[in-house]
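Plus 590 on top of the position in the sequence shown (first one is 1) and you've got our numbering.
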Amino acid sequence: MTSFDLVEPRSLEEAFRYLDPSDPAIRPFGGGTALMLMIKAQMYKPQRLVSLGRLGGRFSGISFDANACRIGAMTRFATLEHSPEIAARLPVITEAMKTLANVRVRNVATVGGNLGHADPHLDLPPIWLVLDAKVTVVNRGGERVLPVADIFSGYYETTLGNDELIAEVEVPVRQGWRSKYVKVTTRATHDWPALGLAISVQIDGHLIKDLRIVLSAAVDFPRRLLGAEAVLRGAAIDEPLLQRAGEAAAEEADMESDSRGTGDYKRHLLRAHLRRAVLALAAE
Ligand SMILES: Cc1cc2nc3c(=O)[nH]c(=O)nc-3n(C[C@H](O)[C@H](O)[C@H](O)COP(=O)(O)OP(=O)(O)OC[C@H]3O[C@@H](n4cnc5c(N)ncnc54)[C@H](O)[C@@H]3O)c2cc1C
């Protein structure tokens with residue numbers, strides 16, 4: 591491993607002095623779980639890493655008000671996992687933690703680093719999308735707030751500038767919605783998924799009033815399945831409807847073949863797990 595500087599600014603002004611929009615060898619450092627693997631594998635050779643651990647303020651902590659939950663970018667997964675408020679109000683996140691990596695990773699990996707890494711197999715990004723979350727990005731000129739979906743631009747690629755920092759994620763409080771994330775692994779449960787499927791529904795009896803469906807892992811970045819959503823929106827749940835929704839999902843999802851299965855196999859998984867997830871949410 592080649593040597594590099596690790597700096598720990600105590601303010602945003604100081605952080606921006608260390609970051610450089612034109613130098614990819616300088617990067618922000620959250621928990622370092624993804625960065626260190628890339629450095630050890632010599633896929634990335636940093637000159638300077640800018641740790642965000644001492645910034646505090648909006649970068650840290652979890653808070654709720656009547657309209658939203660705000661989660662600072664430096665919030666560690668273990669904090670999400672053990673938060674009673676998250677468990678009560680956003681249980682889909684607590685549930686996802688049960689099969690996310692291992693305790694050593696969850697103790698250090700951060701919400702911001704997870705988004706910045708933009709690996710399509712990650713478990714949290716499809717959940718943020720399905721919850722309709724927004725992200726605040728800060729830069730020298732101020733800040734911009736964008737839907738989490740707009741962070742991703744390709745396989746391991748984001749729309750973030752080299753000197754932009756994810757500061758916090760904001761999840762709206764939506765009354766009457768239920769959400770589920772299915773990590774479809776073909777080997778061990780905590781393995782990388784062949785596909786990830788997140789669904790959020792507003793159901794009245796068996797009538798789906800509104801919903802969001804997000805596919806991840808089998809595609810280059812998480813994306814909504816708008817065709818399947820359109821089939822299900824406003825409809826009463828029965829077997830023919832679920833079949834039509836499964837076909838719409840399989841048709842619109844352009845899924846890659848890889849070591850976890852062929853595109854056809856993943857389309858089969860998608861049809862089956864979409865049906866099961868909708869039925870499970872209706873039964874809750
Ligand atoms: C053994 C192992 C098992 C794993 N298993 C799973 C799993 O089952 N499910 C899963 O979802 N994930 C899994 N992961 C991946 C893990 O979730 C990510 O490595 C982690 O989320 C990255 O967060 P971090 O804070 O460590 O990021 P870092 O390594 O610090 O950074 C990652 C990237 O984000 C950038 N970055 C960091 N913070 C910010 C910020 N605030 N603003 C802008 N850019 C930023 C960095 O510059 C870098 O490009 C696993 C990882 C390991 C090592």
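Glycine included, every Cβ here is placed at the ideal spot set by N, Cα and C.
These numbers were taken from a predicted model, which means no experiment stands behind them.
Contact check, residue i vs residue j under 8 Å by CB: the rounded distance?
i: residue 640; j: residue 618; result: 5 Å
i: residue 815; j: residue 836; result: With a Cβ gap of about 10 Å, residue 815 and residue 836 do not count as contacting.
i: residue 808; j: residue 845; result: 4 Å
i: residue 714; j: residue 725; result: 12 Å between Cβ atoms; not a contact.
DSSP three-state call for residue i: helix, strand or coil?
i: residue 654; result: strand
i: residue 792; result: strand
i: residue 614; result: coil
i: residue 661; result: strand
i: residue 669; result: helix
i: residue 737; result: strand
i: residue 773; result: strand
i: residue 747; result: strand
i: residue 698; result: coil
i: residue 809; result: coil
i: residue 848; result: strand
i: residue 640; result: strand
i: residue 709; result: coil
i: residue 600; result: coil
i: residue 768; result: strand
i: residue 627; result: helix
i: residue 859; result: helix
i: residue 787; result: strand
i: residue 622; result: coil
i: residue 646; result: coil
i: residue 732; result: strand
i: residue 833; result: helix
To which residues does DSSP link residue i through a beta bridge?
i: residue 718; result: For residue 718, which the question treats as bridged, DSSP gives no partner whatsoever.
i: residue 758; result: 662, 726
i: residue 828; result: None, per the DSSP bridge assignment.
i: residue 742; result: 748
i: residue 814; result: 804
i: residue 606; result: None; residue 606 has no bridge partner.
i: residue 595; result: 638
i: residue 797; result: 794, 826
i: residue 853; result: According to DSSP, which records beta bridges pairwise, residue 853 is partnered with nothing at all.
Taking 7 Å as the cut-off, does the CB of residue i come closer than this to any heavy atom belonging to ligand 1?
i: residue 700; result: yes
i: residue 704; result: yes
i: residue 631; result: no
i: residue 619; result: yes
i: residue 609; result: no
i: residue 622; result: yes
i: residue 796; result: no
i: residue 780; result: yes
i: residue 691; result: yes
i: residue 898; result: The requested residue 898 does not occur in the structure, where the chain is confined to residues 591 to 874.
i: residue 810; result: no
i: residue 713; result: yes
i: residue 750; result: yes
i: residue 784; result: no
i: residue 755; result: yes
i: residue 642; result: yes
i: residue 720; result: no
i: residue 668; result: no
i: residue 663; result: yes
i: residue 695; result: yes
Would residue i count as contacting chain C if we go by Cβ distances under 8 Å?
i: residue 642; result: This model lacks chain C altogether, as it is built from one protein chain only.
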